[in-house]
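Protein chains in written order, with my numbering: chain A, 1388 to 1468; chain B, 1388 to 1468.
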């Protein structure tokens, strides 16, 4: 089974990396780029448990290990059963 | 318009961050995690150009600015028109 977890800064948190990339793109002429936010993606391979259990554990893993809930939000999905 | 670009290491490239996370998850008891690969996600807001142009520029930006094609692969999609 394959899952993907996306972790990104909460909207109210400044993202200096994203800002740097936006500025770089502007200086390269891509003026139509209004905002860039950079986050992390985790592609996870899971084996030996049910989809139901995977859903439960993914929520737990994302919340406790992959993201810092103080400043980050996360979203996960199972992309291949 | 909103787009998302996902950049990750090519399959043949070692991913020490992903490996560290996998090992941490194992030591926490999540033994069913077989692999973790970490990548980057860029959420981009675009304004003032057509969807067709956006597709062209996104391919260009991902290839030339966001990813290092020597060791990374990328995938982009327009998630909101």
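Ideal Cβ placement from N, Cα and C applies to all residues, glycine included.
Verify the CB distance criterion: does residue i have a CB-CB separation below 8 Å to chain B?
{"i": "residue 1454 (chain A)", "result": "no"}
{"i": "residue 1412 (chain A)", "result": "yes"}
{"i": "residue 1424 (chain A)", "result": "yes"}
Secondary structure at residue i, three-state DSSP: helix, strand or coil?
{"i": "residue 1430 (chain A)", "result": "strand"}
{"i": "residue 1437 (chain A)", "result": "coil"}
{"i": "residue 1402 (chain A)", "result": "coil"}
{"i": "residue 1390 (chain A)", "result": "strand"}
{"i": "residue 1418 (chain A)", "result": "coil"}
Give a yes or no on whether the minimum CB-CB distance between residue i and chain A is below 8 Å.
{"i": "residue 1446 (chain B)", "result": "no"}
{"i": "residue 1427 (chain B)", "result": "yes"}
{"i": "residue 1395 (chain B)", "result": "yes"}
{"i": "residue 1421 (chain B)", "result": "yes"}
{"i": "residue 1439 (chain B)", "result": "no"}
{"i": "residue 1465 (chain B)", "result": "no"}
{"i": "residue 1434 (chain B)", "result": "yes"}
Using only alpha-carbon positions, find the residue among the options that is nearest to residue i.
{"i": "residue 1437 (chain A)", "options": "A:1392, A:1467 and A:1394", "result": "A:1467"}
{"i": "residue 1427 (chain B)", "options": "B:1409, B:1388, B:1393 and B:1446", "result": "B:1393"}
{"i": "residue 1463 (chain A)", "options": "A:1406, A:1457, A:1411 and A:1431", "result": "A:1431"}
{"i": "residue 1390 (chain A)", "options": "A:1442, A:1454 and A:1396", "result": "A:1442"}
Starting from residue i, trace the beta strand (DSSP E) both ways and give me its first and last residue.
{"i": "residue 1458 (chain B)", "result": "Neither: residue 1458 (chain B) is in no beta strand (DSSP E) and is coded neither H nor E."}
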